[in-house]
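Numbering-wise (the numbering used here), the sequence shown opens with residue 2 and increments by one. Backbone N, C-alpha and C fix where the C-beta goes; we use that ideal spot for every residue, glycine too. Quantities reported herein were computed from a predicted structural model and do not represent experimental measurements. Accompanying notes for the structure given below.
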Amino acid sequence: MEKIIILDSGSQVTQLIGRRLRELNVYCEIYPFNKIPVLDESVKGVILSGSPCSVRDYNAPQIKLEGIKGKYPLLGICYGAQYLAYKFGGNVEGSLAREYGRAILDVRKADSPLLKGVSARSQVWMSHGDTISKLPDGAEVIASTQDVEYAAFHICGEETYAVQFHPEVFHSVEGTKILGNFALGICGCKGDWTPASFIETTVEELKKTIGDDKVVLGLSGGVDSTVAGVLLNKAIGHNLTCIFVNNGLLRKNEYEDVLESYKDMGLNVIGADASKEFLSELAGVTDPETKRKIIGRLFVETFDKYARQIEGAHWLGQGTIYPDVIESAGIEGIASKIKSHHNVGGLPERMHLKVVEPLRMLFKDEVRRVGRALGIKEDLIGRHPFPGPSLAIRIIGDITEEKLRVLREADDIYIKALRNYDCTGMNFPSASDPRIMATNLYDAVWQAGVILLPIKSVGVMGDERTYENPVALRAVVSTDAMTADWFHFPYDFLEKVSNDIINKVKGVNRVCYDISSKPPATIEWE
Ligand code: XMP
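Structural data, given as structure tokens:
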């Protein structure tokens with residue numbers, strides 16, 4: 002399979018380069034700058050990312066380009082461009098002012114293959130403290146901005162290009178076109194990496210790897226595990242057994258509804274109801290981290306207990322996705338850190354199973370596209386993320402059956418109201434696909450939930466005074482949960498939800514809306 006290799010020097014936005022290429026149906030892989038993989042004939046080109054470092058720093062990433070420059074098409078972005086200048090006969094200096102923000106690119110060589118079809122004056126995004134003051138040997142400038150003479154250049158006689166701006170970020174209006182010119186034009190990629198081709202090759206690979214062995218997979222009701230399950234099912238059919246654990250902390254009717262929809266999808270799924278064990282071990286526990294630890298341990302024990310009953314299972318399927326796998330390029334040497342999957346940490350070792358992760362090379366939006374191509378229903382594909390510890394971390398303080406009842410009722414009203422609010426024409430982008438507009442608020446919001454607060458306040462209902470708990474509504478927009486902003490709801494929506502919750506949920510007499518962004522707050526309250 003043809004691919005582009007992206008060498009990461011530690012920029013915050015390296016993953017965006019990958020996502021833009023994938024949008025163009027070009028397959029790519031990201032590696033730390035000092036872990037260059039073996040380049041075989043499937044590699045069609047190489048991209049050097051940006052970096053928080055200056056090329057003049059003593060600890061600046063040193064990229065070994067001997068086997069790459071002049072041999073493969075090469076594109077340097079920001080630090081990557083400055084590195085090419087600095088190492089190959091040019092010069093880079095600290096500029097007096099940081100070049101940061103929007104700039105207008107003046108195309109100076111319209112017939113350059115990198116800039117084919119780009120408007121004569123195109124908005125780009127700059128973010129660097131240094132600037133190239135002399136081009137490398139044999140290079141020609143192909144575009145400038147008002148402040149940056151060498152905004153883009155080409156080293157003549159080879160397919161080496163460089164841009165000091167960031168084509169991968171949204172604010173570079175024709176950035177995807179420039180990346181497309183590189184990948185599809187200069188590198189000659191076919192652009193045939195589609196969800197359908199991914200499914201075809203992955204199913205073949207899974208068949209070959211797993212053969213007649215059996216696989217167990219934990220389903221959570223979320224998009225990743227569901228898509229992983231359906232893919233594995235397509236490859237090995239009933240040799241796949243899925244386990245869906247009820248921890249007693251799920252949303253209203255969620256266990257029954259999700260189990261039913263899995264069965265409808267033809268998955269061989271076992272419901273593992275351990276709610277009693279979870280709730281009894283959590284009784285009286287108030288510390289958030291202790292709650293998480295208890296839930297994590299019980300999940301593993303429950304999963305293990307059910308999985309052991311499946312004779313001959315040698316594999317554990319997991320819904321790990323690419324952002325969990327990419328090694329990040331640490332700047333002081335390499336701090337390679339691979340995040341373990343939230344909910345099943347420690348399981349493979351404990352059960353002596355081999356791990357199969359069919360989605361490990363996909364970004365989240367691609368998992369959704371693959372899910373759609375597999376025919377998974379839209380209400381599963383578009384589901385909000387939900388934390389492993391479930392409602393336990395949305396009840397502040399200790400957990401009781403009564404508190405769970407109150408929270409489930411309020412949450413159910415809120416989530417249904419989000420789904421039922423028609424926001425056509427309000428210009429809210431869809432959280433699961435920002436290229437289209439949302440038609441209801443559930444789709445516009447990235448994640449939403451209700452939090453039950455452990456204080457009581459006075460209210461009045463009819464002739465009676467009440468002394469009950471408040472709930473807080475949370476709704477955020479985000480792309481990766483690392484940062485998030487609160488969602489700007491129409492007032493009439495907030496008004497209706499507040500009335501409905503207070504009128505219908507016994508035990509709640511006040512509704513607040515959480516207007517904190519992350520950072521400094523977090524999405525969950527615990
Ligand atoms: P925070 O609250 O840290 O959450 O802003 C970021 C995202 O992670 C989810 N989350 C968790 N998911 N186990 C999980 O599987 C956890 O312990 C956990 N804590 C938070 C949260 O819902 C949000 O999507």
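Among the residues of its own chain, which have a CB less than 8 Å from the CB of residue i, if the five just before and after it don't count?
i	result
L106	V119, R122, S123, Q124, V125, A144, S145, T146, A152, A153, F166
I524	Q448, R475, V477, S479, A482, A485
I377	T227, V228, V231, M266
P386	G223, W447, Q448, A482
N247	Y256, G272, A273, D274, A275, S276
P38	I6, E30, Y32
C54	S10, G11, N60, A61, P62, Y80, I332
V461	T467
Once you ignore the five residues that flank residue i on each side, which residues in its own chain have a CB closer than 6 Å to its CB?
i	result
R99	G130
N179	For the record, residue 179 in the displayed sequence is Ile; it is not Asn. Around I179: P168.
Y51	It is worth fixing the name first, because residue 51 is Gly in this sequence and not Tyr. So the qualifying residues of the chain are S12, I78, C79, Y80.
A163	G77, A82, L85, F154
L251	S391
R20	F364
H239	N269
Please determine, among the options, the residue with the shortest C-alpha to C-alpha distance to residue i.
i	options	result
I7	D423, P74, Y59, A61	P74
R370	P196, G51, L25, I187	P196
L76	L25, I5, E67	I5
V259	N240, K235, S226, R373	S226
V224	V368, L268, T287	V368
L299	E160, L185, G249	G249
P455	H489, L495, S499, E403	E403
C157	K355, K70, G95	K70
I237	A163, E257, V204	V204
K306	M352, R436, N60	M352
I397	V498, S96, T291	T291
K117	K65, E159, N182, V459	N182
R309	V216, G176, L363	V216
L25	G189, K294, R57, F304	G189
I382	D434, C424, G460	D434
E160	Q16, T440, G46	G46
I211	F199, L233, D193, L220	L233
I200	R373, V301, V142	R373
S499	V44, D412, L348	D412
L283	S96, L405, I64, D41	L405
E379	L49, S262, L185	S262
D112	K72, G186, L66	G186
What are the partner residues of residue i, as DSSP defines its beta bridges?
i	result
P471	R511
T440	Answer by DSSP bridge pairing: none, since T440 is not bridged.
M427	DSSP output for M427 lists no bridge partner at all.
S128	Y101
I503	None, per the DSSP bridge assignment.
W487	V477
P33	D9
S173	Beta-bridge pairing links S173 to no other residue.
W316	V216, K355
H167	Per DSSP, none; premise fails for H167.
R466	V461
F245	L220, G272
S123	L106
F154	V142, A163
Would you grab the beta carbon distance between residue i and residue j for me? Rounded to a whole angstrom, and I think it's under 8 Å.
i	j	result
L360	T321	7 Å
L518	D481	Reading off the sequence, residue 518 comes out as Ser, not Leu. 14 Å between Cβ atoms; not a contact.
Y443	R420	4 Å
A473	D501	The Cβ separation is near 16 Å, so there is no contact.
V27	V170	With 8 Å as the limit, V27 and V170 do not qualify as a contact, their Cβ atoms being about 18 Å apart.
T202	M362	No, T202 and M362 are not in contact; Cβ-Cβ is about 11 Å, not under 8 Å.
D148	A104	7 Å
T242	I311	5 Å
G389	I244	No, G389 and I244 are not in contact; Cβ-Cβ is about 14 Å, not under 8 Å.
G219	F304	6 Å
So, for residue i: in the same chain, excluding its five sequence neighbours on each side, which residues have a beta-carbon less than 7 Å away from its beta-carbon?
i	result
P289	I394, E527
G508	V407, E469, N470
V174	S123, Q124
A522	none
L495	Y514
L17	E169, V170
M438	N428, F429, P430, S431
A184	I5, L22, L25, V27, G46, C190
Is there contact between the segment 397 to 417 and the segment 450 to 459, where contact requires at least three CB pairs shorter than 8 Å?
The segment 397 to 417, when compared against the segment 450 to 459, does touch it at the 8 Å Cβ threshold.
Are three or more beta carbon pairs between the segment 132 to 142 and the segment 82 to 93 nearer than 8 Å?
A contact exists between the segment 132 to 142 and the segment 82 to 93.
Meets three-Cβ-pair contact criterion under 8 Å: the segment 258 to 272 and the segment 423 to 434:
No contact exists between the segment 258 to 272 and the segment 423 to 434.
Flag this pair as touching only if the segment 304 to 319 and the segment 346 to 358 have three or more C-beta atom pairs under 8 Å; answer yes or no.
yes
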